[in-house]
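K.L.:
One structure coming up, written as structure tokens, with questions to follow.
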Amino acid sequence: MEIALVGIGKIAVDQHVPAIASSPDWELAATVSRHGRVEGVPAYDDFARMLAERQDIRVVSLCLPPVPRFDYARAAIESGRHVMLEKPPGATLGECHALEEMARRHRVSLYATWHSRQADKVPAAKAWLAERTLRRLRITWLEDVRHWHPGQDWVFEAGGLGVFDPGINALSILTEILPDDVHLTEAELRFPSNRETPVAASCRFHHPGRAEVSMELDWLHQGPPTWSIEAETDAGTLLLENGGATLSIDGTRDESLPGLAGEYPRLYAQMAELVRSGGVDMDLAPLRHVADAFLLGRRVVVAAFDWDAA
Ligand code: NAP
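The numbering of the sequence shown is our numbering, which starts it at 1 and goes up by one.
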């Protein structure tokens, strides 16, 4: 199937282009970007023109930041295209619900991707937790924003999520592996005095079995990142590290090898399946937790953030 990639920036170049190139399902038939392009692929800088001129392309993958993405998704769906959305699927829950309604009305596929759910050890963690009683779960997601998002000002603008941009990856894993739904009960969000989104956050969640569930996010962490989820149960402790790529149970590493390698190749395989079956996959649970944190969180103002201050 021919696919167009829209928003040729960091994630498109790092992950989407190689995943499409290595896929048996997809051929990159066009890009749409004001500045970016992919060598050897027809490049457009106007989305409406690409949709009008390339009726052969039935699927569009949107790699833009969340705030501008809705208008692109709406235009694609209204022109009868199937749409794949980078995470988070939108800047608000309302626009995500609107897109889902539109996709069903136009009978096209819509996929809210959560790349971290495709990490190697997420299915094994889910299976292990399904048979145990949770006592305590702690998410620790610490990274250096200057290293991972150099100069990307949109992450600190309203709608850019701030530290919840990586934090929502943790929440996408949490909502996949836990057999029970949790909901947020408390949050402290730390906003730099000169920015519109938080640079750190602490959250607590209600768990129906009264397990203690908490999350620590910090974007000013120096050195190697920590992307881990530790779950203590009635029958052992699970540690998911490296964003879901590594799993240990009671200190013993799970060395089993996955089948198809890589988060993004798995996302594109699933998109191919959705298009074939005419499905819509719009799970908004991770975004709902982030929205709740912004609704309920106490706001604490911290030192101003500048990209070049170490
Ligand atoms: P990015 O490089 O800053 O932006 C992607 C591209 O979107 C830009 O190169 C730009 O292309 C276009 N764009 C930016 N603002 C726009 C606007 N207002 N209107 C129209 N186009 C605009 O961002 P990214 O890091 O690739 O992230 C994009 C999405 O992927 C985000 O939702 C992010 O959470 C998700 N994601 C990122 C990573 C990562 O490591 N960076 C990992 C996983 C998921 P042109 O200027 O050429 O039009």
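Each residue gets a CB set at the ideal place from its N, CA and C atoms; glycine is no exception. The model shown is predicted, which means the values in this text are computed figures rather than measured ones.
#1: In the DSSP assignment, what residue or residues form a beta bridge with P286?
#2: Between the Cα of E2 and those of R58, R107 and E53, spot the shortest distance and give me the residue it belongs to.
#3: Would you say A112 and A245 are within 8 angstroms of each other, going by their C-beta atoms?
#4: Closer than 7 angstroms: is that where the CB of C63 sits relative to any heavy atom of the ligand NAP?
#5: Tell whether a beta-carbon distance below 8 angstroms holds between P88 and P68.
#6: From R49, R37, S22 and P24, pick the residue whose C-alpha is nearest to that of L5; which is it?
#7: Nearest by alpha-carbon distance to W141: which of Y268, R266, A12 and P224 is it?
#8: Could you name the residues that DSSP lists as bridge partners for P192?
#9: C96 and L287 look like a contact to me (Cβ under 8 angstroms); what is the Cβ gap, rounded to whole Å?
#10: Check the C-beta distance from V290 over to L161 and give it rounded, since I have them as a contact under 8 angstroms.
#11: Regarding P68 and the ligand NAP, is the C-beta to nearest heavy atom distance less than 7 angstroms?
#12: Buried or exposed: which applies to W307, given that a residue is buried once 16 or more other Cβ atoms fall within 10 Å of its Cβ?
#13: Given this structure, state the Cα-to-Cα distance separating P179 from E27, to the nearest angstrom.
#14: Pick out whichever of A21, A52 and L110 has its Cα sitting closest to the Cα of V280.
#15: Just to confirm, is the Cβ distance from T92 to V155 under 8 angstroms?
#16: Closer than 7 angstroms to a non-hydrogen atom of the ligand NAP - does that hold for the CB of Q118?
#17: What's the gap between the Cα of V83 and the Cα of C203?
#18: Taking Cβ positions, are I229 and I173 nearer each other than 8 angstroms?
#19: Between the stretch 256-267 and the stretch 132-150, do at least 3 Cβ pairs fall closer than 8 angstroms?
#20: Is G9 near the ligand ATP, judged by its Cβ being under 7 angstroms from some heavy atom?
#21: Out of L274, L267 and G236, state which residue places its alpha-carbon closest to the alpha-carbon of S23.
#22: What ranges does the beta strand (DSSP E) occupy inside the stretch 38-106, keeping only unbroken runs of at least 3 residues that lie completely in it?
#23: I'd like the list of long-range same chain contacts for A48, defined as Cβ closer than 7 angstroms, with 5 residues on each side in sequence excluded.
#24: So if DSSP puts L239 in a beta bridge, which residue, or which two residues, is it bridged to?
#25: Is it the case that the Cβ atoms of P135 and A235 are separated by a distance below 8 angstroms?
#26: By the three-class DSSP mapping on this structure, what secondary structure does A130 have?
#27: Is there at least one Cβ from chain E nearer than 8 angstroms to L28's Cβ?
#28: Out of W128, A103, A12 and A309, which one is the CA nearest neighbour of Q222?
P.N.:
Short version:
#1: On the sequence shown, residue 286 is found 286 positions in, with the first residue counted as 1. Residue pairing by DSSP places P286 opposite no residue, since no beta bridge is assigned to it.
#2: Position 2 of the sequence shown, counted from the first residue, corresponds to residue 2. Nearest C-alpha to E2: R58.
#3: For the purposes of this step, residue 112 is taken as the residue at position 112 of the sequence shown. For the purposes of this step, residue 245 is taken as the residue at position 245 of the sequence shown. Between A112 and A245, the C-beta gap is not smaller than 8 angstroms, which leaves the two residues out of contact.
#4: One-based indexing of the sequence shown puts residue 63 at position 63. Within the chosen limit of 7 angstroms, the ligand NAP reaches the beta carbon of C63 through at least one heavy atom.
#5: Here residue 88 refers to the residue found at position 88 when the sequence shown is read from its first residue. Here residue 68 refers to the residue found at position 68 when the sequence shown is read from its first residue. The criterion of a C-beta distance shorter than 8 angstroms is not satisfied by P88 and P68.
#6: Residue 5 sits at position 5 when you count from the first residue of the sequence shown. Of R49, R37, S22 and P24, the residue nearest in Cα terms is R37.
#7: The sequence position of residue 141 within the sequence shown is 141, counting from 1. Here the closest residue by C-alpha is P224.
#8: For the purposes of this step, residue 192 is taken as the residue at position 192 of the sequence shown. The bridge partners DSSP lists for P192 are V302.
#9: Residue 96 sits at position 96 when you count from the first residue of the sequence shown. Residue 287 sits at position 287 when you count from the first residue of the sequence shown. Right, the Cβ-Cβ distance comes to about 7 angstroms (below 8 angstroms), so this counts as a contact.
#10: Position 290 of the sequence shown, counted from the first residue, corresponds to residue 290. Position 161 of the sequence shown, counted from the first residue, corresponds to residue 161. Confirmed, about 7 angstroms.
#11: As a position in the sequence shown, residue 68 is number 68, starting the count at 1. Distances between the C-beta of P68 and the heavy atoms of the ligand NAP include at least one below 7 angstroms.
#12: The residue you call residue 307 lines up with position 307 of the sequence shown. W307 comes out exposed.
#13: The count along the sequence shown starts at 1 and reaches residue 179 at position 179. The count along the sequence shown starts at 1 and reaches residue 27 at position 27. So the alpha carbons of these two residues sit roughly 37 angstroms apart.
#14: Mapped onto the sequence shown, residue 280 falls at position 280. With distances taken between Cα atoms, V280 lies closest to L110.
#15: Counted from its first residue, the sequence shown places residue 92 at position 92. Counted from its first residue, the sequence shown places residue 155 at position 155. No, the pair does not count as a contact, with Cβ atoms beyond the cut-off.
#16: Stepping through the sequence shown from its first residue, residue 118 is reached at position 118. Every heavy atom of the ligand NAP is 7 angstroms or more from the Cβ of Q118, so no.
#17: Position 83 of the sequence shown, counted from the start, is the residue given in the question as residue 83. Position 203 of the sequence shown, counted from the start, is the residue given in the question as residue 203. Near 32 angstroms, if we compare the C-alpha coordinates of C203 and V83.
#18: By one-based count along the sequence shown, residue 229 stands at place 229. By one-based count along the sequence shown, residue 173 stands at place 173. With respect to the 8 angstroms criterion, I229 and I173 are classified as neighbours on the basis of their beta carbons.
#19: Taking one beta carbon from each stretch, the stretch 256-267 and the stretch 132-150 have fewer than 3 pairs nearer than 8 angstroms; the two do not touch.
#20: What this structure holds is the ligand NAP, not the ligand ATP.
#21: In the sequence shown, counting from the first residue as 1, residue 23 sits at position 23. Of L274, L267 and G236, the residue nearest in Cα terms is L267.
#22: The stretch 38-106 contains these whole beta strand (DSSP E) runs: 59-62 and 82-85.
#23: Along the sequence shown, one-based indexing puts residue 48 at 48. Hits under 7 angstroms: A75.
#24: As a working note, residue 239 is residue 239 in the sequence shown. E230 and S248.
#25: Start at 1 with the first residue of the sequence shown, and residue 135 comes out as number 135. Start at 1 with the first residue of the sequence shown, and residue 235 comes out as number 235. Per the sequence shown, residue 135 should be read as Arg rather than Pro. In this structure, the beta-carbon distance from R135 to A235 does not fall below 8 angstroms.
#26: Looking up residue 130 in the sequence shown gives position 130. In the structure shown, A130 falls within a helical segment according to DSSP collapsed to helix, strand and coil.
#27: Considering every chain present, this structure includes no chain E. It has just one protein chain.
#28: The sequence position of residue 222 within the sequence shown is 222, counting from 1. Comparing Cα-Cα distances from Q222 to each of W128, A103, A12 and A309, the minimum goes to A309.
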